[in-house]
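Enquirer: Just so we're on the same page, the working numbering is the position in the sequence shown counted from 1, plus 22.
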Amino acid sequence: MERTGPTVRFSGLLAAATAAVLAAGALVATAPAAGAADVDLARNGGFESGLDGWSCTAASGAVVSTPVHGGTKALKATPAGSDNAKCSQSVTVKPNSSYTLSAWVQGSYVYLGASGTGTTDVSTWTQSSGAWKQLTTTFRTGPSTTSVSVYTHGWYGTPAHYVDDLTLVGPGGDPVVIPAVPAGLKTTAITSSSVALSWNAVSGASGYNVYRGGTKVATATGPSATVTGLTPSTAYSFQVSATNAAGESAKSAAVTATTTAGGGGGDTKLPARALVGYLHSSFANGSGYTRMADVPDSWDVINLAFGEPTSVTSGDIRFALCPVAECPNVESEAEFKAAIKAKQAAGKKVLISIGGQNGQVQLASTAARDAFVTSVSKIIDTYGLDGLDIDFEGHSLSLNTGDTDFRSPTSPVIVNLISAVKSLKAKYGSDFVLTMAPETFFVQLGYQFYGSGPWGGQDPRAGAYLPVIHALRDDLTLLHVQDYNSGPIMGLDNQYHTMGGADFHIAMTDMLLAGFPVAGDTTKVFPGLRPDQVAIGLPASTQAGNGHTTPAEVNKALNCLIKKTDCGSYQTRGTWSDLRGLMTWSINWDRFNNWEFSRNFDAYFGN
Numbered sequence: 023m024e025r026t027g028p029t030v031r032f033s034g035l036l037a038a039a040t041a042a043v044l045a046a047g048a049l050v051a052t053a054p055a056a057g058a059a060d061v062d063l064a065r066n067g068g069f070e071s072g073l074d075g076w077s078c079t080a081a082s083g084a085v086v087s088t089p090v091h092g093g094t095k096a097l098k099a100t101p102a103g104s105d106n107a108k109c110s111q112s113v114t115v116k117p118n119s120s121y122t123l124s125a126w127v128q129g130s131y132v133y134l135g136a137s138g139t140g141t142t143d144v145s146t147w148t149q150s151s152g153a154w155k156q157l158t159t160t161f162r163t164g165p166s167t168t169s170v171s172v173y174t175h176g177w178y179g180t181p182a183h184y185v186d187d188l189t190l191v192g193p194g195g196d197p198v199v200i201p202a203v204p205a206g207l208k209t210t211a212i213t214s215s216s217v218a219l220s221w222n223a224v225s226g227a228s229g230y231n232v233y234r235g236g237t238k239v240a241t242a243t244g245p246s247a248t249v250t251g252l253t254p255s256t257a258y259s260f261q262v263s264a265t266n267a268a269g270e271s272a273k274s275a276a277v278t279a280t281t282t283a284g285g286g287g288g289d290t291k292l293p294a295r296a297l298v299g300y301l302h303s304s305f306a307n308g309s310g311y312t313r314m315a316d317v318p319d320s321w322d323v324i325n326l327a328f329g330e331p332t333s334v335t336s337g338d339i340r341f342a343l344c345p346v347a348e349c350p351n352v353e354s355e356a357e358f359k360a361a362i363k364a365k366q367a368a369g370k371k372v373l374i375s376i377g378g379q380n381g382q383v384q385l386a387s388t389a390a391r392d393a394f395v396t397s398v399s400k401i402i403d404t405y406g407l408d409g410l411d412i413d414f415e416g417h418s419l420s421l422n423t424g425d426t427d428f429r430s431p432t433s434p435v436i437v438n439l440i441s442a443v444k445s446l447k448a449k450y451g452s453d454f455v456l457t458m459a460p461e462t463f464f465v466q467l468g469y470q471f472y473g474s475g476p477w478g479g480q481d482p483r484a485g486a487y488l489p490v491i492h493a494l495r496d497d498l499t500l501l502h503v504q505d506y507n508s509g510p511i512m513g514l515d516n517q518y519h520t521m522g523g524a525d526f527h528i529a530m531t532d533m534l535l536a537g538f539p540v541a542g543d544t545t546k547v548f549p550g551l552r553p554d555q556v557a558i559g560l561p562a563s564t565q566a567g568n569g570h571t572t573p574a575e576v577n578k579a580l581n582c583l584i585k586k587t588d589c590g591s592y593q594t595r596g597t598w599s600d601l602r603g604l605m606t607w608s609i610n611w612d613r614f615n616n617w618e619f620s621r622n623f624d625a626y627f628g629n
């Protein structure tokens, strides 16, 4: 969270990765001569039969009669918002075989690629093409690869581009047959509300169906899935089947699992739909100071920003109201405490938020851990607060080299934070409200990168919140990841999503609820959270942070996640009807913006 106006904070890791992708993509491979038995496997590559055989995101793809490269038709694809106008088709191929992918394109930033190759997925692109230009790349399939996806797409914010005469030349694949029954089904993680499963990959499978008690409850593209929304202390039976274009296999042998008892994380008497906001209580900025008594009733959880440490590693957290010289209209401490009691009497929760943009907190020692517990307890007791919000940013959390499993962290700053929060929870009991507001870099980026990686060299902060969230999931009231001030993040569809529109919030929230393999390792699956534990974090205005989302786009995101409508090109892994609500930075900025954010929340949920 920011004290001041918007700051662009694209991580070095993401920027470097993007540069590497662009640099690699600029290389256009020279196509080898086709073998005697090679054939063109692409279906309707000249688009003479419209979009037959092709799947295009949203409404981005259309067939036109001019301009064309060959024949009478070509594809016209138009990026819009967070849609990069991707069109793709699945092609049956042979394992351990070489293929040449080629297409003629016209336009700026047009990409051609293949995924699911079983070896190294490939892509190539052209930065600017006023005339038709041929893109070509090659790849070799893996030992068990029987199908690949070939695709074209543009880039965000660019004009329409054109594609024609796409070919995939190589040996024809064998006829698709129904895959074998998956073997090796087992549980990998169990919580009070979820069960994570994994199984052996099946050759020729393009996806998997997961069954609970004989009813299909989830689908997966890889050999793992997390089933959420379960009841504590309950036994469940699971099976899995494999699917492809030919059909579905029989179900696997069943595995049973009993959910844990749970720890009271949801027993905090929040409304079914909650609005969370940060109140600038200890400082002023361009949004102006807002007194506690003047916070409207729309806000269900009020996070006091911020408690900050006396030094980065001390663990000693201090909080005080904004000085009069900085905030002339600040209330007295007695008035502030009285206003907190009045909010609580009206059913609201008031928490102390620790950290923020400037409040780096590193609990690198047990002494810092103990000081954290003592000092945070003093703040809670002094102001009669309901709990704690963890808003650690910057370099507060990072993973030591070799700390590669989120389920059993070894880095002191992680282990000590978990221990400190558990101590606070034990001290204040089941009514203690615990919320977290990490950035996407520390959570969803963990789908691709975790810590410094198996060979070192990555940013050690990548995914560093995951072990904290996982260890405290049964104590966690709300997780509201900051879906702003973020670079592009890969979603469960293996596509990058950019902030500012409904698509980003849909993809990022779906990851939290469905769960995901960490750093692509299907043996280390982060289990999804309960929908009632998750809220979407957004800036209240354009001044509050990069990635502001209009009310119309916010409502689209809610429609998709809660009702599975207005989803655009992204398909959620479930219908999350119990999604708790929204969080914003901040109440002050919402007031500055004529309460647009909170009024839209009230209107959407009929408050």
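Where a beta carbon is used, it is the ideal one built from N, C-alpha and C, also for glycine.
Buried or exposed, going by whether 16 or more other CB atoms sit within 10 Å of the CB of A48?
Expert: The residue given as residue 48 occupies position 26 in the sequence shown. At A48, the pLDDT of 36 sits below 50, so the modelled position is not reliable; the number obtained from the coordinates is stated separately. A48 is exposed by the Cβ-count criterion.
Enquirer: Determine the direct distance from the alpha carbon of Y626 to that of N577, and round the result to whole angstroms.
Expert: One-based indexing of the sequence shown puts residue 577 at position 555. One-based indexing of the sequence shown puts residue 626 at position 604. When rounded, the distance between both Cα atoms is 7 Å.
Enquirer: Which residue wins for smallest C-alpha separation from S608, given the options W321, A64, L456?
Expert: For the purposes of this step, residue 608 is taken as the residue at position 586 of the sequence shown. Selected option, being the one with the closest Cα: W321.
Enquirer: State the DSSP-derived secondary structure class of G468, mapped to helix, strand or coil.
Expert: Start at 1 with the first residue of the sequence shown, and residue 468 comes out as number 446. Helix, per DSSP.
Enquirer: Under 6 Å Cβ to Cβ from N66, same chain only, skipping five residues before and after it: list those, please.
Expert: Counted from its first residue, the sequence shown places residue 66 at position 44. For N66, where only same-chain residues beyond five positions count, the Cβ hits under 6 Å are D74, G75.
Enquirer: Roughly how many angstroms lie between the CA atoms of T88 and H175, to the nearest whole one?
Expert: In the sequence shown, residue 88 corresponds to position 66, counting from 1. In the sequence shown, residue 175 corresponds to position 153, counting from 1. So the alpha carbons of these two residues sit roughly 19 Å apart.
Enquirer: Which two residues bound the contiguous beta strand (DSSP E) that contains I491?
Expert: Sequence index remark: in the sequence shown, residue 491 carries index 469 (1-based). Looking at the DSSP string, I491 is not in any beta strand (DSSP E); the run it does join, the alpha helix (DSSP H), is 488-493.
Enquirer: Considering only DSSP beta bridges, list what V127 is partnered with.
Expert: Taking the sequence shown and counting its residues from 1, the one referred to as residue 127 is at position 105. Answer is K155, V185, bridged to V127.
Enquirer: How about S263 and V547: are their beta carbons less than 8 Å apart?
Expert: Sequence index remark: in the sequence shown, residue 263 carries index 241 (1-based). Sequence index remark: in the sequence shown, residue 547 carries index 525 (1-based). Their beta carbons are not under 8 Å apart, which means S263 does not touch V547 by this criterion.
Enquirer: Give a yes or no on whether the C-beta atoms belonging to M533 and Q466 are separated by under 8 Å.
Expert: As a first step, residue 533 must be located in the sequence shown, where it is residue number 511. As a first step, residue 466 must be located in the sequence shown, where it is residue number 444. Closer than 8 Å, so yes.
Enquirer: Could you give the first and the last residue of the continuous alpha helix (DSSP H) run that contains H527?
Expert: On the sequence shown, residue 527 is found 505 positions in, with the first residue counted as 1. 524-536 is the extent of the alpha helix (DSSP H) around H527.
Enquirer: Mind pulling the alpha helix (DSSP H) runs of 4 or more residues that sit fully within the stretch 337-363?
Expert: Within the stretch 337-363, no complete alpha helix (DSSP H) run reaches 4 residues.
Enquirer: Less than 8 Å between C-beta atoms, sequence neighbours within five positions excluded: which residues of the same chain meet that for Y450?
Expert: Position 428 of the sequence shown holds residue 450. I402, G409, listed in sequence order.
Enquirer: Is it buried or exposed, K273, if we count other Cβ atoms within 10 angstroms and call 16 or more buried?
Expert: Here residue 273 is taken as the residue at index 251 of the sequence shown, counted from 1. It is buried - the Cβ of K273 has at least 16 other Cβ atoms within 10 Å.
Enquirer: To the nearest angstrom, how far is the alpha carbon of F454 from that of D496?
Expert: Indexing the sequence shown from 1 puts residue 454 at position 432. Indexing the sequence shown from 1 puts residue 496 at position 474. Rounded to the nearest angstrom, the two C-alpha atoms are 12 Å apart.
Enquirer: Restricting to Cα atoms, I'd like to know which of V90, S399, Y311 is closest to R340.
Expert: Locating residue 340 in the sequence shown gives position 318, where the first residue counts as 1. Closest option to R340, Cα to Cα, is S399.
Enquirer: Using 8 Å as the threshold, is the C-beta distance between I412 and A493 below it?
Expert: Here residue 412 refers to the residue found at position 390 when the sequence shown is read from its first residue. Here residue 493 refers to the residue found at position 471 when the sequence shown is read from its first residue. Contact: no.
Enquirer: Since D392 is in the alpha helix (DSSP H), which residue starts that stretch and which ends it?
Expert: In the sequence shown, residue 392 corresponds to position 370, counting from 1. 388-405 is the span of the alpha helix (DSSP H), which, as asked, contains D392.
Enquirer: On the CB-based measure, 16 or more other CB atoms within 10 Å of its CB, does A268 come out buried or exposed?
Expert: Within the sequence shown, residue 268 is the residue found at index 246, counting from 1. So A268 counts as exposed.
Enquirer: Around the C-beta of N266, are 16 or more other C-beta atoms found within 10 angstroms, so that it is buried, or is it exposed?
Expert: Position 244 of the sequence shown, counting from 1, holds the residue named residue 266. N266 is buried by the Cβ-count criterion.
Enquirer: According to DSSP, is K578 part of a helix, a strand, or is it coil?
Expert: Start at 1 with the first residue of the sequence shown, and residue 578 comes out as number 556. If DSSP states are grouped into helix, strand and coil, K578 belongs with the helices.
Enquirer: By how many angstroms is the C-alpha of D515 removed from the C-alpha of N438?
Expert: Within the sequence shown, the letter at position 416 stands for residue 438. Within the sequence shown, the letter at position 493 stands for residue 515. If you take the alpha carbons of N438 and D515, they lie about 34 Å apart.
Enquirer: Mind the definition here: the stretch 338-357 touches the stretch 416-432 only if three or more C-beta pairs lie below 8 Å; say whether that holds.
Expert: Because the criterion of three Cβ pairs below 8 Å is not met, the stretch 338-357 and the stretch 416-432 do not touch.
Enquirer: Hey, quick one: how far does the alpha helix (DSSP H) through T324 stretch, first residue to last?
Expert: As a first step, residue 324 is located in the sequence shown; it is residue number 302 there, counting from the start. Note on identity: in this sequence residue 324 is Ile, with Thr being the wrong assignment. Note, I324: premise wrong, no alpha helix (DSSP H); beta strand (DSSP E) at 323-331.
Enquirer: May I have the straight-line CA-CA distance separating L97 from L134, to the nearest angstrom?
Expert: Position 75 of the sequence shown holds residue 97. Position 112 of the sequence shown holds residue 134. Those two C-alpha atoms are separated by around 13 Å.
Enquirer: Just how far apart, CA to CA, sit A55 and S119?
Expert: Within the sequence shown, numbered from 1, the residue matching residue 55 stands at position 33. Within the sequence shown, numbered from 1, the residue matching residue 119 stands at position 97. Note on A55: pLDDT 44, under 50, position unreliable in the model; the coordinate value appears next. Each residue's alpha carbon lies about 14 Å from the other.
Enquirer: For L207 and P434, I'd like the C-alpha separation in whole angstroms.
Expert: Walking along the sequence shown from the start, residue 207 turns up at place 185. Walking along the sequence shown from the start, residue 434 turns up at place 412. So the two alpha carbons sit approximately 34 Å from each other.
Enquirer: Go through its chain and collect everything with a Cβ distance to G68's Cβ below 7 Å, but skip five positions before and after it.
Expert: In the sequence shown, residue 68 corresponds to position 46, counting from 1. Closer than 7 Å at the Cβ level, and outside the excluded window around G68, lie G92, G93, K95, D186, D187.
Enquirer: Among residues of its own chain, excluding the 5 on either side of F414, which ones have a beta-carbon nearer than 7 Å to its beta-carbon?
Expert: Residue mapping note: residue 414 aligns to position 392 of the sequence shown, counting from 1. G377, V383.
Enquirer: Would Y258 and G235 qualify as a contact pair, given that the criterion is a beta-carbon distance under 8 Å?
Expert: Within the sequence shown, numbered from 1, the residue matching residue 258 stands at position 236. Within the sequence shown, numbered from 1, the residue matching residue 235 stands at position 213. Taking 8 Å as the Cβ cut-off, Y258 and G235 qualify as a contacting pair.
Enquirer: Indicate whether T571 and L583 have their beta-carbon atoms separated by less than 8 Å.
Expert: Reading the sequence shown from its first residue, position 549 is the one you call residue 571. Reading the sequence shown from its first residue, position 561 is the one you call residue 583. No, the Cβ-Cβ distance between T571 and L583 is not below 8 Å.
Enquirer: Would the stretch 192-204 and the stretch 108-117 be scored as touching if the rule is three or more Cβ pairs under 8 Å?
Expert: In short, these stretches touch, since the Cβ pair count reaches three.
Enquirer: Contact check, T282 vs T213 under 8 Å by CB: the rounded distance?
Expert: By 1-based counting over the sequence shown, the position of residue 282 is 260. By 1-based counting over the sequence shown, the position of residue 213 is 191. Yes, they are in contact, since the Cβ atoms of T282 and T213 sit about 6 Å apart, within 8 Å.
Enquirer: In this structure, does DSSP put D425 in helix, strand or coil?
Expert: Numbered from its first residue, the sequence shown carries residue 425 at position 403. Three-state result, D425: coil.
Enquirer: For F463, report the span of its beta strand (DSSP E) as first-last.
Expert: Indexing the sequence shown from 1 puts residue 463 at position 441. Element bounds for F463: n/a, residue is neither H nor E.
Enquirer: Check R613 in the structure and name its three-state DSSP category.
Expert: Counting from one through the sequence shown, the residue named residue 613 turns up at place 591. Three-state result, R613: helix.
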